[in-house]
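K.L.:
Throughout, the numbering used here is defined as the position within the sequence shown, counted from one, plus 1. The C-beta atom is built at its ideal place from N, Cα and C for all residues, glycine as well.
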Amino acid sequence: MPTPPILQLHQALEAVAPIDGVADLGDGTYRIDFSDSATSEQQAAAEELAKIWQPEPEQEWAKFTDALAQVTGFYAAVAQSPMCSFITARMVRLASREAFQDAADPLLQIWNAAPPNLTAEQRAAVQALADAHHLPLAFRASNQIEVQ
Numbered sequence: 002m003p004t005p006p007i008l009q010l011h012q013a014l015e016a017v018a019p020i021d022g023v024a025d026l027g028d029g030t031y032r033i034d035f036s037d038s039a040t041s042e043q044q045a046a047a048e049e050l051a052k053i054w055q056p057e058p059e060q061e062w063a064k065f066t067d068a069l070a071q072v073t074g075f076y077a078a079v080a081q082s083p084m085c086s087f088i089t090a091r092m093v094r095l096a097s098r099e100a101f102q103d104a105a106d107p108l109l110q111i112w113n114a115a116p117p118n119l120t121a122e123q124r125a126a127v128q129a130l131a132d133a134h135h136l137p138l139a140f141r142a143s144n145q146i147e148v149q
């Protein structure tokens with residue numbers, strides 16, 4: 002929570018002279034109630050400070066919150082789009098070793114059960130599974146799956 006301007010002035014004046022309080026007279030001037038221990042030099046310095054003092058500018062929270070709402074709205078809209086959902090799901094799936102293995106298992110079953118020379122039908126099944134799971138070519142090559 003921001004410090005009220007009159008309290009800001011009070012704190013600034015206390016650094017210059019011992020004061021009991023300060024009041025805003027409403028016309029751009031301030032009344033300073035000095036402590037009995039304040040010297041004339043301290044009082045003069047405090048009076049001069051009060052003449053030139055300006056409150057700290059308030060933070061423009063409305064602009065910040067509006068910008069935040071726009072950014073949040075953008076990300077919420079993107080997250081709801083089917084393409085974004087598809088891409089996110091695909092990234093999570095490919096990032097997960099377990100999911101990758103789940104996709105690879107059907108290919109390995111076909112490969113392990115097949116004779117060295119796959120039939121055209123078996124090659125098509127392997128190709129379809131590889132395409133459906135977007136398995137990289139490196140996986141196919143490492144398992145010596147030859148599609149002719």
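(1) Whole-angstrom Cβ separation of I7 and V23, contact assumed at under 8 Å?
(2) Please name the residue in D37, I20, A126, T30 whose C-alpha comes closest to that of A51.
(3) Relative to the alpha-carbon of F35, which residue among D25, E48, G27 has its alpha-carbon at the smallest distance?
(4) Going by Cα to Cα distance, which pick from P56, A129, A121, A77 is closest to D25?
(5) Whose C-alpha, out of Q43, A63, G74, is nearest the C-alpha of E15?
(6) If you measure between the beta carbons of P3 and Q60, is that distance less than 9 Å?
(7) What separation, rounded to the nearest whole angstrom, lies between the Cα atoms of Q149 and A129?
(8) Pull the bridge partners of D34 from the DSSP assignment, please.
(9) With a Cβ-Cβ cutoff of 9 Å, do P19 and S41 count as a contact?
(10) Taking Cβ positions, are W62 and L10 nearer each other than 9 Å?
P.N.:
Here's the rundown:
(1) 7 Å
(2) T30
(3) Scanning D25, E48, G27 for the CA closest to the CA of F35 turns up E48.
(4) P56
(5) The shortest Cα separation from E15 among Q43, A63, G74 belongs to Q43.
(6) yes
(7) Low per-residue confidence applies at Q149: pLDDT is 40, beneath 50, and the placement is therefore not dependable, though the value from the model is reported in the following sentence. So the alpha carbons of these two residues sit roughly 14 Å apart.
(8) Listed as beta-bridge partners of D34 by DSSP are G22.
(9) The answer is no: Cβ separation not under 9 Å.
(10) no
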